[in-house]
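S.K.: Chains as they are written, first to last, in the working numbering: chain A, 69 to 334; chain B, 445 to 741; chain C, 288 to 678.
Where is the CB? At the ideal position from N, CA and C, for every residue including glycine.
All figures in this text were calculated on a predicted structure; none of them were measured in a lab.
Handing you a structure now.
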Amino acid sequence: MTRLARVLLLLGSLLALALLYAPLLVTLLFSFNAPRGRFNLVWQGFTLDNWRHPFADAALSQAFVTSIGLALAASLLAVLLGGLMAIALSRARRLPGHRWIALLLALPLTNPEIVLATALLNLFVAINLPRGVLTLLLSHSLFCLSYAALTLKARLAGFDPALELAAQDLGAPPLQAFRRVTLPLLAPGLLAAGLLSFSLCFDDVVISGFTAGEIVTLPLYLAGAFLREISPQIQVLSSLVLLISALLLVLATPPRPERKGGGPPG
Amino acid sequence: MRRSPKPERQPLWPWLLLAPGLLWLVLLYLLPLLGLVPLSLSEPLSRFGLETVFRGRFATYLEVARDQGPILLRSLRTAGIATALGLLLAYPLALLIRFRGGRWQPLLIGLVVLPSLVSQLVRAIAWSTLLGDHGPVLGAIGALGLRDGLNALGLLRDGRLLNTATAVVLGLTTTLLPFLVLPLVVALQRIEPRLLEAAADLHAGPLASFRRVVWPLSRPGLSAGLLLSLIPAAGDVVNPRFLGGPDDRMVANTIENLLLVQLQAPRAAALTLLLMALVSVVVLLQLRAGTEELPLP
Amino acid sequence: MPAVPHPRSRRALLRRLALGAAAAAGGPALLQACRGPQGNGGSSGTATGEGGGELVISSFPLYIDADAPGAPGSVARFRKETGIQLRYLEDVNDVRQFFARIRPQLAAGRPIVQDLVVLTSWMAERLIGLGWLEPLPLEQVPNVRHLSPDLRNPSWDPGGRFSLPWQSGIAGIAYNIKATGRELRSVDDLFDPALRGRVSMLLEMRDTMGLLMLADGQDISRPSWQGAQNAFNRLEKARRDGQIRRFTGNDYQNDLLAGNLAACIGWSGDIAQLALEQPDLRFLVPESGGVLWADVMLMPRGARHRREAARWLNWVYEPREAARIAAAVQYISPVEGVQPILAADPATRELASSPLMFPDAAERRRLKVFGPLSESEEARWEERFAAITEA
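Structure follows, in structure tokens:
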């Protein structure tokens with residue numbers, strides 16, 4: 069590769085990383101800021117106090133907890149429903165309507181969230197369902213469903229059903245064969261689908277904005293809060309999430325042993 | 445579970461597994477979506493009441509197309525620009541991770557995904573600080589003497605960066621990057637380094653190698669990434685709201701406004717459906733352009 | 288050096304520090320002395336003396352004296368004195384969005400969770416017209432006698448049966464004198480090309496249009512479509528020319544502080560509070576006039592806790608309580624007798640002479656209330672306004 073190409077490659081990558089991490093660094097920086105007033109927007113001075121009291125903003129912490137609970141519930145639901153669909157679709161290819169079902173599954177992904185949000189709000193108003201925890205759960209589990217199902221379907225595509233059949237040959241009843249052979253192998257895929265769903269739910273603004281009613285999720289709280297106050301705790305909690313995730317990432321991804329030619333990731 | 449189902453008798457079990465998910469999709473997605481159609485053709489009975497009466501009023505679509513058409517097109521254009529910019533940055537990064545990442549690939553991929561864990565609102569606020577009138581980016585631009593040039597190009601508005609289309613595109617691109625890099629890396633996995641070596645042996649420069657080897661083989665991943673980026677970008681609310689000015693609002697902001705502030709549900713429904721139609725056209729064009737990687741069987 | 292308090296109370300602390308350390312010590316004692324012969328703690332003369340019960344109130348954020356370390360705010364003290372479990376929600380960020388939230392229930396005749404809601408007067412007028420409000424239990428609110436006379440029969444609620452004012456305020460011109468480089472004099476300054484791209488205006492239509500129409504010499508107490516055209520056109524041109532950076536809700540404050548705005552249309556109390564941390568900020572009521580608005584307390588139809596709501600209304604209309612709230616938010620209190628209370632306390636004496644909180648007769652003449660718009664009129668106005676601000 070020529071010098072120029074190498075430089076461009078490096079430059080482009082650095083620019084991409086800079087774009088990705090610039091806002092995070094600013095957030096981390098401002099978590100140490102001591103704002104004079106209500107808005108943590110202008111650098112005033114360094115302090116560790118915000119980190120000493122990360123939960124000082126009670127409403128923020130409450131919204132944080134609410135979001136976590138909601139995202140957990142919704143992603144579990146999505147992975148469950150989506151997982152079942154993925155199994156059915158990948159095992160029963162000659163099912164009539166297979167293509168239509170797969171299309172229906174992929175369709176939500178082709179709409180921006182605002183389309184789903186409008187449709188869902190209209191539905192809830194029409195059937196007189198008050199906006200709250202139930203509507204939030206239903207909405208979130210829906211839009212995560214497609215992501216979860218398709219992630220798992222891709223995983224299952226590479227999975228050899230012969231393994232499970234072998235277990236059955238050895239005398240295991242079908243359910244047990246599934247539980248002891250397939251499920252553990254599916255585990256990383258389930259985890260990936262779950263994490264994807266979780267992060268989508270956690271950070272959702274549009275759908276929550278329409279279907280949350282009185283419930284205050286973290287993004288909704290932030291959207292309102294930014295109008296009147298930006299407490300440093302916001303930056304602290306965000307940085308905390310980031311640092312913990314980074315730590316988990318480093319721990320969970322030991323360097324992969326070098327493979328000849330670099331095959332598909334493990 | 446049967447080992448070899450007879451061809452005539454369809455097994456029941458797949459349907460049992462599919463049922464709950466299908467129920468969800470039909471009741472919470474398909475039907476409500478279809479329900480937007482009659483709503484878009486209705487009229488509100490009173491200004492503040494909830495009831496609408498179906499009148500088969502197609503004029504709503506014409507009004508929406510006339511009033512909100514510009515925003516709709518502008519949103520797609522902004523999303524397109526952000527996606528293109530994102531691609532320009534995602535390719536080098538993906539190439540680096542794939543061909544130079546070695547043992548650290550999973551970690552590097554994780555690093556690309558990590559920023560998505562911080563709330564998009566927090567990131568938008570951080571950008572507004574960075575791009576503010578007294579912020580570091582504008583300061584650097586001034587110090588490098590680029591201000592007038594960028595102003596002339598229309599990238600700055602009166603020497604300002606915040607509350608401009610540029611700021612919105614920057615914010616959008618940042619949000620989209622992980623969704624572009626990841627599918628690219630996966631697609632690039634298929635390309636054996638030996639292929640590139642062979643190309644080099646045949647005296648192909650880096651550009652030619654890219655054009656003739658990397659680009660065609662990575663197309664499927666590219667398509668997947670494009671769809672995962674363009675669609676959410678077109679419907680973004682946060683970046684226009686925090687980083688844009690009155691001229692930079694996007695269609696999702698308008699739909700929100702129509703629904704929650706102006707209380708014009710039929711108009712909101714019509715605009716939503718128009719957006720969906722336009723996006724679907726883009727999706728279909730993508731599919732025609734040839735891709736096997738789309739998550740369809 | 289004392290530990291830096293949690294940010295929400297930072298403002299309260301700053302105010303105390305700025306106005307004199309006597310506040311924490313002298314304040315409560317002084318106000319205690321004002322109690323007079325009413326006896327112990329409780330608010331005077333409610334029908335029943337027993338405590339307990341629940342109450343849910345929704346209001347604008349940061350619109351009440353919040354808790355500070357060592358000095359509980361109104362909500363905490365109300366809870367303590369009455370034993371009522373008050374849930375005070377600060378979730379009214381945008382009046383129109385709040386309306387959209389409560390609309391489905393109220394339109395269907397079902398109650399909402401709130402017993403009291405604080406909304407702007409024009410929204411109150413709309414809700415009264417829709418029949419979605421209960422008359423307030425004013426017979427259980429003896430302190431209503433402290434209501435300022437010129438608010439007793441408001442245009443948005445003739446007879447004052449459904450609403451009780453919370454605070455009033457002025458929409459005027461807020462600016463950073465260092466950023467503008469000079470004192471501003473009139474609404475025309477907002478259109479000064481030198482300030483291009485560093486000006487914002489409010490999404491609150493009546494405040495923005497009101498100010499602009501007053502500058503045209505229009506009478507906004509009887510707003511007419513014809514009379515508004517010049518203001519609309521001027522606004523539209525300014526937006527297209529790039530004069531206006533953004534249209535905002537409360538968040539003009541962010542940009543003022545960060546230096547992204549030189550001048551904007553803003554609210555008097557906000558600037559009074561912000562000026563504590565950014566002394567370059569000024570607030571101007573233009574010669575042509577400022578827009579006087581009122582936020583009012585309303586009871587939605589089907590509210591369950593009338594008795595408890597009455598106790599709250601009575602509580603916040605007790606002059607000494609009203610004084611605490613006024614000192615915290617620095618808007619115009621609807622309760623008479625607040626000014627002398629603030630004047631008597633050295634910590635708050637400055638506030639007592641603030642023209643923004645207690646405009647004198649001359650200043651009052653420059654303040655105008657935006658008159659009512661019929662439903663169809665409002666639709667027309669809002670559509671034109673939205674075309675300028677949203678599209």
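Got a sec: is the Cβ-Cβ distance from A/Pro-122 to anything in chain C below 8 Å?
M.R.: No, its Cβ sits nowhere closer than 8 Å to a Cβ of chain C.
S.K.: Please go through the same chain and pick out, in chain order, the residues whose beta-carbon is closer than 8 Å to the beta-carbon of C/Ala-549, but skip the five residues on each side of it.
M.R.: Within the same chain, C/Ala-549 has close Cβ partners Tyr-462, Asn-463, Ala-466, Thr-467, Leu-482, Arg-485 and Val-486.
S.K.: Taking all protein chains shown into account, decide if B/Val-723 is buried (16 or more other Cβ within 10 angstroms of its Cβ) or exposed.
M.R.: B/Val-723 is buried by the Cβ-count criterion.
S.K.: With H, G and I counted as helix, E and B as strand and the rest as coil, what does DSSP make of C/Trp-453?
M.R.: C/Trp-453: strand per DSSP, three-state reduction.
S.K.: Residues of chain A with CB under 9 Å from B/Val-556, in chain order?
M.R.: By Cβ distance, chain A contributes Ala-84, Leu-85 and Leu-88.
S.K.: Give the interface partners of C/Gly-679 over in chain A, defined as CB-CB distance under 8 Å, in chain order.
M.R.: Coverage of chain C is limited to positions 288 through 678, which leaves residue 679 of chain C absent and any answer about it impossible.
S.K.: What residue from B/Gly-479, B/Arg-693 and B/Ser-653 has the CA that sits closest to B/Glu-636's CA?
M.R.: When only C-alpha atoms are compared, the closest one is B/Ser-653.
S.K.: Under 6 Å Cβ to Cβ from C/Ser-435, same chain only, skipping five residues before and after it: list those, please.
M.R.: The residues are Pro-621 and Glu-623.
S.K.: Is the closest heavy atom of the ligand MG to the C-beta of B/Ser-662 under 7 Å?
M.R.: The ligand MG is not part of this structure, which contains no ligands at all.
S.K.: Taking only beta-carbon atoms, is B/Asn-607 less than 8 Å away from chain C?
M.R.: Output row for B/Asn-607: interface = yes.
S.K.: C/Ala-355 by DSSP, collapsed to three states: which one?
M.R.: Three-state result, C/Ala-355: strand.
S.K.: In the DSSP assignment, what are the bridge partners of A/Ile-298?
M.R.: Note: A/Ile-298 sits in a beta bridge opposite A/Phe-107.
S.K.: Any idea if C/Arg-322 is buried or exposed, counting beta-carbon neighbours within 10 angstroms, 16 or more meaning buried?
M.R.: Its pLDDT being 34, under 50, C/Arg-322 is placed unreliably in this model, and the coordinates cannot settle the point.
S.K.: Can you give me the start and stop residues for the alpha helix (DSSP H) that C/Glu-574 sits inside?
M.R.: Per DSSP, C/Glu-574 belongs to no alpha helix (DSSP H) and is neither H nor E.
S.K.: Which residue from A/Phe-114, A/Val-94, A/Leu-93 and A/Thr-95 puts its Cα closest to that of A/Pro-103?
M.R.: Comparing Cα-Cα distances from A/Pro-103 to each of A/Phe-114, A/Val-94, A/Leu-93 and A/Thr-95, the minimum goes to A/Phe-114.
S.K.: For a test of the three-state rule: what should DSSP assign to C/Arg-483, helix, strand or coil?
M.R.: Three-state result, C/Arg-483: coil.
S.K.: Check A/Pro-256 in the structure and name its three-state DSSP category.
M.R.: Helix.
S.K.: For B/Arg-501, which residues in the same chain have their Cβ closer than 8 Å to its Cβ, ignoring the five residues on either side in sequence?
M.R.: Result list for B/Arg-501: Leu-485, Ser-486, Glu-487 and Pro-710, in chain order.
S.K.: Could you check where the alpha helix (DSSP H) with B/Ser-486 kicks off and where it finishes?
M.R.: Run containing B/Ser-486: none in the alpha helix (DSSP H); it sits in the beta strand (DSSP E), 486-488.
S.K.: Roughly how many angstroms separate the alpha carbons of C/Asn-517 and C/Pro-566, rounded to a whole number?
M.R.: Roughly 35 Å separates the two Cα atoms.
S.K.: Taking Cβ positions, are C/Gly-658 and C/Ser-508 nearer each other than 8 Å?
M.R.: Their beta carbons are under 8 Å apart, which means C/Gly-658 touches C/Ser-508 by this criterion.
S.K.: Do you know offhand how far A/Leu-233's Cα is from A/Met-153's?
M.R.: Cα-Cα distance, rounded: 20 Å.
S.K.: Should B/Val-508 and B/Leu-715 be called a contact, given that it needs their Cβ atoms to be closer than 8 Å?
M.R.: Result yes, Cβ atoms of B/Val-508 and B/Leu-715 sit closer than 8 Å.
S.K.: Could you confirm whether any beta carbon from chain B is found closer than 8 Å to the beta carbon of A/Ala-280?
M.R.: No, no contact with chain B.
S.K.: Please list the segments of the beta strand (DSSP E) lying wholly inside the stretch 636-664 of chain C, counting only runs of 3 or more residues, in order along the chain.
M.R.: For the stretch 636-664 of chain C, whole beta strand (DSSP E) runs of length 3 or above, ordered along the chain, are 654-656.
S.K.: According to DSSP, C/Trp-554 sits in a beta bridge with which residue or residues?
M.R.: The partner list for C/Trp-554 (beta bridge, DSSP) reads C/Ala-458.
S.K.: My output table needs one value for C/Ala-237: the three-state DSSP class, helix, strand or coil.
M.R.: Given that chain C is displayed from residue 288 to residue 678, the structure contains no residue 237 of chain C and the question cannot be resolved.
S.K.: Can you give me the start and stop residues for the beta strand (DSSP E) that C/Ala-385 sits inside?
M.R.: Sequence check: residue 385 of chain C is Phe here, not Ala. Segment 382-394 is the alpha helix (DSSP H) holding C/Phe-385; no beta strand (DSSP E) there.
S.K.: Could you pull out every residue in the same chain whose Cβ sits closer than 7 Å to the Cβ of A/Val-147, ignoring the five residues on either side in sequence?
M.R.: Within the same chain, A/Val-147 has close Cβ partners Ala-216, Leu-258, Ala-261, Gly-262 and Ser-265.
S.K.: Grab me the residues of C/Arg-298's own chain with a C-beta within less than 6 Å of its C-beta, minus the 5 sequence neighbours each way, in chain order.
M.R.: Residue confidence is low: C/Arg-298 scores 44 on pLDDT, short of 50, so the model does not pin down where it sits. Its coordinate-derived value is still stated next. There are no such residues.
S.K.: Suppose you measure from the CA of B/Val-562 to the CA of B/Leu-620; what does that come to, to the nearest Å?
M.R.: Cα-Cα distance, rounded: 14 Å.
S.K.: Output needed in chain order: residues of the stretch 696-712 of chain B with a Cβ under 8 Å from some Cβ in chain C.
M.R.: Flagged, chain order: Asn-697, Thr-698, Asn-701, Leu-703, Leu-704, Val-705, Gln-706 and Leu-707.
S.K.: According to DSSP, is C/Phe-365 part of a helix, a strand, or is it coil?
M.R.: DSSP places C/Phe-365 in helix when its eight states are reduced to three.
S.K.: In this structure, does DSSP put A/Val-273 in helix, strand or coil?
M.R.: Three-state result, A/Val-273: coil.
S.K.: Using a cut-off of 8 Å between C-beta atoms, extract the partners of B/Leu-494 located in chain C.
M.R.: What B/Leu-494 touches in chain C: Arg-390, Pro-391, Ala-394 and Ala-395.
S.K.: Closer than 9 Å between beta carbons: that is the criterion. Which residues of the stretch 429-462 of chain C meet it against chain A?
M.R.: Answer in chain order: no residues at all.
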